[in-house]
DNA sequence: AATGAATGAGGGTTCATTCAT
DNA sequence: TATGAATGAACCCTCATTCAT
C-alpha cells in the first residue's frame, strides 16, 4: 500500500526514505521510545523489513546521525565570500536553517552523547568543527584589520553556535519567525565580531 | 503518617540523597538506560526501597527535574542591582554556573521534552522565563537610556541563553576554563546589550 | 512437469549437490543453527532456490537423513561370505567406514530423534536393523557350531554397534588411525562372538 | 501453586530444582526447541523468574551439562577394588547406570559439541577421561599378569564406552532390561579384557 | 522501613517461508 | 528456473513494578 517505495525504486533510495521516516519518528519520540515497530509502521512496512536495510536499531540511528552530520559538513562548502559581512550572513543563516531543520535529531544526538562516545565525536563534528572554522575566519579578519571582536574569536564563535541553537528551538515552534530570527542572529554576530556591515 | 519528627526528617534527607544519586545516574546513562536497579545500586539500597520514596521511575525523574528548575528559579532572586553592569555580571555568571552544574540533566530534560509536554513546560521555566525577565530588564534600561542593544531585547536575551548553554558544555569538560568563560560571556552580553561596563 | 530429459537430470543432480552441501552444513552447525540462508549461501544460490528443490528446511533434513540411511542399508548387500571371519571383517569395516563418514549426521539424527518419532525410526533402521541382522548371523553360526559368543548374540551385536560408534568419533578427528581402529574392532568382534579367525 | 519451591527454601536449592526440570525438558525437546517459556512453564514459574537463577538459556544448559559431568567424575571415586573383576563389575555398572540416567543430555551435549568447543571438552571429560583411566587400570593388570586383553587396553577401553552407550539407549526404552544389560556388559568387558571372573 | 522473589508487558532480533518478477 | 523483497511467528531478554515477609 503506502509502503516506502515501489519495487522499481532502488534499494539505496528506499534506505534513504526509511531514514527520512526514521528522522521524523526519532524526533517525535526520542531515542528510547522509538521502536522498530514504530519505524516500520511509519514506513508502511513490517518490522523485519527494517532489518533488510539496517542491521539494528542502533544502526538506523547512527546512519541518521551520520546523515545529519554530513549535511552540516556540506554547509561549509558553498558560502559567498565577496565580503566578510556577506560570508557571515550566509554562513550564519545556513547553519541556523540546518539547525532548525534537524533540531530534534540534534537534541537526541546530544542525549545519546551522554552515553556513547561515538555520538560525542559526531556531535563535535557538527558543532565544534564549524566553530573552529569560524574562529579561524575571524582571526584572519582581525589580522587584516577587518574585524574587532569584543572577546577572543574562539569565544565569539562558540557564542554564535549557542545563539543559533537557541534561536532554532524557537524557530521550530514558530517557523514564521525564522527569517526574522536569522536576521537578528546575523546582526548580533556582526556586532560581537566587530565586523562592518557592508551588505547591500 | 509519620510526624515531622526525626523519622520524617530522616526520610526527607534520604529522599534528597536519593535524588543526588539519581541526578548523577541520569546524567551518566541518559533517561532510558537509567534503570531502577541502577538507581538502587548507586544509592546502596534495594529496588523496592526506591519505591518507598518515589511512586515510579518517572516520578524520580520529575522530582529531579523539579529540583533543577527550582534551583534556576531561585537564581533570579538574589542579584546585585547596584548597576546594570553588575546586575548583568552576576546574573550571567550565576546562570552559567547553574547551567554547567546541571548540564547533563538539562540535556536529558531537553530530550524528554520531545515526548512529554510537562517537560516542555518545565524546560520553558528554566530557559524561557529568565529570558523574558532579562528582556524586561533590558527594556527598562533602554527606556532609561542606559542600554542600546543591537537587536530587540528579546533577541539579546535569547542569544545569551544560547551562549551560556554552549559555554556550559565546554565548561563541563574543562572546568578550569569556567571562570574565563564566565568573563567572556559577560563581556559579550554587555556588548550585545549595549550596556556600559561600569564595573569596578 | 519436466520430463526425464536433460532438464530433469540437471535438476536431480542439483538436488543431490544441494544435499551434499547440506550435509556439510548440518554437521558443522547442528540442526537448529543450520538456516536456509546458510544452506543457500553454501550452495551459492539464493534462499528461494532452495525451496525449488525442497518444500521446507525439515524436508532437506529428512532427505539427507534418508540418504544416509539408504547408504547404510546398501552396506549389507555386498559382503564376502566365504567364511564367518571374512564376513565379520567386511561387515564391521564397512559399517565403521560409513559411521565415520556420516558421524556428524548421525549425531544430529540422534538429537532430532529426541523430538521426532520419524527420526527415531530412521535411526532404528540405521543402527538396530544391522544389529538384528548381525544377531541372526551369529545365531546361525552358533547353530552350526562355528561361533561361541560370551553373551547372547543380540548383546554381542549391540555391543559392536556401540564400539563402532565410539571408534568412529575418534576416527573423525584422527583419520590416520581409521585403519588400525578398524582392525581392532574386527579383532574385538571376533573375540566377543567367539569366531575363529580364519582370515588370511 | 506448583512453583519450584516455597519461599523458605534456599535459592541454591531452587536453582537445583530448576536444573532438574530443565534436564527433563532438554531431553524431551532437544536443545533448540527448549525455550525459556517451556522451562518456566515446566517449573511452574514465569519466564523472568528463570533469569533470576540463570543469566541466559545457554547458561542453564551449561550448568546442566556441568552437573552431568560432575556426576560422571564422581563415579570414579568409589569403586570396590578387592579384585579386578569386582572393580570392573562396579565401574561398568555405575557408568552404565549414569549413562542411562542422563542419556538424553548426553545426546544433546554431543549435538552441541558440533558447534561449541566447550561442549566438546565437556564431553571429553565425561567419555574420554574414564576411558583413559580404564586403560591405565588394564595396563596395570596386564603388567601384573592378571589381564590379557585381545587388543591394546586403550581400544578395549574405548570399546566398552561405546558398548555402554548403546546399551544405555536400549535401557532408556526398556528399563526392565537394565539389570540384565548391565550383566552382559560386564561379561563382555571381562572377556574383552581377558580378566578372570573371580566374582562370588 | 526494607527487601528477596516474582512477574506482566514489551522491545530487538531471527528465520522459515512466500510472492511478484 | 531463479531471486529480491517482504513478512508472520517466535524467541530471548529486560525492566518497571508488586507483594509477602
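Chains as they are written, first to last, in full-length UniProt numbering: chain A, 1 to 200; chain B, 1 to 200; chain C, 1 to 200; chain D, 1 to 200.
Glycine included, C-beta positions come from ideal geometry on N, C-alpha and C.
No experiment lies behind these values; they were computed from the predicted model shown.
Segment limits, alpha helix (DSSP H) that includes residue i
i	result
residue 167/D	153 to 173
residue 176/C	Counting along the chain, residue 176/C falls outside any alpha helix (DSSP H), and DSSP gives it neither H nor E.
residue 102/C	No alpha helix (DSSP H) holds residue 102/C; DSSP gives it neither H nor E.
residue 72/D	57 to 75
residue 115/B	Element bounds for residue 115/B: n/a, residue is neither H nor E.
residue 78/C	That residue, residue 78/C, is in no alpha helix (DSSP H); it is neither H nor E in DSSP.
residue 26/D	11 to 33
residue 50/A	47 to 53
Candidates the options: closest to residue i by CA position
i	options	result
residue 25/C	43/C, 14/C and 11/C	43/C
residue 80/B	71/B, 93/B and 175/B	93/B
residue 77/B	168/B, 116/B, 95/B and 53/B	95/B
residue 125/B	179/B, 75/B and 58/B	75/B
residue 196/B	169/B, 175/B, 142/B and 168/B	142/B
residue 64/B	130/B, 129/B, 119/B and 169/B	119/B
residue 102/D	86/D, 50/D, 89/D and 127/D	127/D
residue 71/D	183/D, 34/D and 97/D	97/D
residue 14/C	174/C, 51/C, 139/C and 116/C	51/C
residue 130/B	16/B, 91/B and 12/B	91/B
residue 150/D	87/C, 190/C and 67/C	190/C
residue 144/C	174/C, 83/C, 33/C and 58/C	83/C
residue 109/C	58/C, 183/C and 89/C	58/C
residue 88/B	177/B, 146/B, 166/B and 49/B	146/B
residue 16/C	49/C, 67/C and 33/C	67/C
residue 11/B	117/B, 33/B, 56/B and 49/B	49/B
Residues sharing a beta bridge with residue i, DSSP
i	result
residue 40/A	Note: residue 40/A sits in no beta bridge, so no partner.
residue 206/A	Nothing can be reported for residue 206/A, as the shown portion of chain A is limited to 1 through 200.
residue 147/D	195/D
CB of residue i within 7 Å of CB of residue j, strictly
i	j	result
residue 188/A	residue 192/B	yes
residue 207/B	residue 69/B	Residue 207/B cannot be examined here, being either before or after the span of chain B that is shown, 1 to 200.
residue 171/A	residue 181/A	yes
residue 148/B	residue 194/B	yes
residue 107/C	residue 111/D	yes
residue 60/D	residue 54/D	yes
residue 199/D	residue 22/D	no
residue 41/D	residue 99/D	no
residue 37/C	residue 47/C	yes
_Could you check whether the region 150 to 157 of chain C touches the region 134 to 142 of chain C, counting it as contact only if at least three pairs of C-beta atoms, one from each stretch, sit closer than 8 Å?_
yes
*Pairing CB atoms from the region 156 to 176 of chain D with CB atoms from the region 156 to 172 of chain C, are three or more of them under 8 Å?*
Using a Cβ-Cβ distance cut-off of 8 Å, the region 156 to 176 of chain D and the region 156 to 172 of chain C are in contact, since at least three pairs of beta carbons, one from each stretch, lie closer than that value.
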